[in-house]
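Visitor: Pasting a structure here, questions to come.
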Amino acid sequence: SLICCHHRDKQAMGSARSLLHKHAFGASPNLSPQLEHSRPVLAPAGADSLERIGPAPSLAGLADGDATAAWQAAFEARFPAAKRKEAADLSVVDAEQFAEDVIDELRRHKRGEVEQARRDARSRAQ
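Sequential numbering from 1 applies to the sequence shown in my numbering.
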């Protein structure tokens, strides 16, 4: 879902709260999609589709066919990979640079607990 609104817009904030309530508690929100670009955008998941958006801009050298491929090509033409910032891989961190003995010991302990829980779950499943 996508929500773009101003915090002082009471109606839009009510819609945002309703959508968050839906995702947090599984309640059914009474929301109508707001896809007008000049108003706060509210697009619940599945409310928009490529058919409703329309065809992708035509590009030279692209054969007519899959709408998803056409939109992907249009996106890549508009936002070239060289200009986009690649997301840094935050999962790989130089552990020596940020070494803290207490934290490292807690991580080893937690990893051991997780492994033990996995072993217990496997043994119960068998």
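Ideal placement from N, C-alpha and C gives every residue a C-beta, glycine not left out.
Run through the stretch 3–75 for me and flag every whole beta strand (DSSP E) of 3 or more residues, listed as ranges in chain order.
Guide: List check, beta strand (DSSP E) in window: 41–43.
Visitor: What residue from Asp-48, Cys-5 and Arg-119 has the CA that sits closest to Ala-16's CA?
Guide: Closest option to Ala-16, Cα to Cα, is Cys-5.
Visitor: Taking contact to mean at least 3 C-beta pairs separated by less than 8 Å, is the stretch 18–28 in contact with the stretch 47–60?
Guide: Not touching, per the Cβ criterion.
Visitor: How long is the line joining the alpha carbons of Asp-9 and Arg-39, rounded to whole angstroms?
Guide: Those two C-alpha atoms are separated by around 11 Å.
Visitor: Rounded to a whole number of angstroms, what is the C-alpha to C-alpha distance between Leu-2 and Arg-52?
Guide: Spanning the two alpha carbons is a distance of roughly 16 Å.
Visitor: Would you say the beta carbon of Ala-70 comes nearer than 6 Å to a heavy atom of the ligand ADP?
Guide: Because no ligand of any kind appears in the structure shown, any question about the ligand ADP cannot be addressed here.
Visitor: From Ala-47 to Pro-33, what does the alpha carbon distance come to, in whole angstroms?
Guide: For Ala-47 and Pro-33, the distance between alpha carbons rounds to 7 Å.
Visitor: Is Gln-126 helix, strand or coil when you go by DSSP?
Guide: Coil, per DSSP.
Visitor: Less than 8 Å between the CB atoms is what I'm expecting for Pro-44 and Leu-19, so what's the real figure, rounded?
Guide: Yes, Pro-44 and Leu-19 are in contact; Cβ-Cβ is about 7 Å, under 8 Å.
Visitor: So, helix, strand or coil for Ala-81, using DSSP?
Guide: Ala-81 falls in the coil class under three-state DSSP.
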